[in-house]
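Reminder that position 20 of the sequence shown reads as 19 in numbering that gives the first Met the number 0, one-by-one numbering, no gaps.
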Amino acid sequence: MREPRADVIIGRLTKRPDFVAAASGRRFHTERMTVQARLRPTVDPSGSDLGLRVGLTVTKRVGHATERNRIKRRLRAAVPLAAQDYAAINADVVIIGRREILTADYDVLIDDLRRALRVVTKPKSAQISDRPLPSSPPIKGERRGHSHA
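In structure tokens, the structure reads:
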């Protein structure tokens, strides 16, 4: 028997600019899905967009309409259970479903979503980069990184 559905209110992404903006944030990949998220400012002028908002995408490459709809239904059912700990975070999350969702165990989907949400909703660190800066600027025509020779 499945777990009872959590009483978590999660908003929906419906407008294309929100989907595009989420693509500029962090990403998490599994064989069943890709999850993208963008953290929103904590102070929103309208005040109505507080909390987690989720959008689903399944491309035509995945299969026919019935298969794509079944993938989206499985994801819609798994999101409230996986996102109950993250519902208070102001973030826009886009889940891109793959064909493997059709055959995956429901508990595996929930686990994948929990891991993805933990990664993509993590606030950015205060430091810009942990890598050391280069000691000198590149000489004219010189490229840094791997050589293809």
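Where a beta carbon is used, it is the ideal one built from N, C-alpha and C, also for glycine.
For the putative contact between residue i and residue j, defined by C-beta atoms under 8 Å, what is the C-beta separation to the nearest angstrom?
i: residue 24; j: residue 119; result: 7 Å
i: residue 39; j: residue 91; result: 6 Å
i: residue 55; j: residue 74; result: 5 Å
i: residue 81; j: residue 113; result: 5 Å
i: residue 107; j: residue 12; result: The pair is not a contact, with the Cβ atoms about 24 Å apart (cut-off 8 Å).
The alpha helix (DSSP H) spanning residue i covers which residue range?
i: residue 97; result: Note, residue 97: premise wrong, no alpha helix (DSSP H); not H, not E.
i: residue 65; result: 64-81
i: residue 117; result: 105-119
Quick one: grab the DSSP three-state call for residue i.
i: residue 12; result: coil
i: residue 61; result: helix
i: residue 84; result: coil
i: residue 20; result: helix
i: residue 56; result: strand
i: residue 51; result: strand
i: residue 127; result: Per-residue confidence for residue 127 stands at a pLDDT of 49, beneath the threshold of 50, marking its modelled position as unreliable; the derived number appears in the next sentence. Looking at residue 127 - three-state DSSP - the assignment turns out to be coil, as it is neither helix nor strand.
Less than 8 Å between C-beta atoms, sequence neighbours within five positions excluded: which residues of the same chain meet that for residue i?
i: residue 50; result: 8, 9, 10, 86, 87, 88, 89
i: residue 194; result: Outside the shown range of the chain, which is 0 to 148, sits residue 194, and nothing can be said about it.
i: residue 41; result: 89
Within the continuous beta strand (DSSP E) that includes residue i, where are the two ends?
i: residue 38; result: 32-38
In its own chain, which residues sit with a C-beta less than 6 Å from the C-beta of residue i, not counting the 5 before and 5 after it?
i: residue 115; result: 27, 34
i: residue 99; result: 30, 31
i: residue 59; result: none
i: residue 17; result: 91
i: residue 103; result: 31
i: residue 78; result: 53
i: residue 22; result: 35
i: residue 105; result: none
Less than 7 Å between C-beta atoms, sequence neighbours within five positions excluded: which residues of the same chain meet that for residue i?
i: residue 20; result: 37, 91
i: residue 57; result: 67, 70, 71, 96
i: residue 122; result: 38
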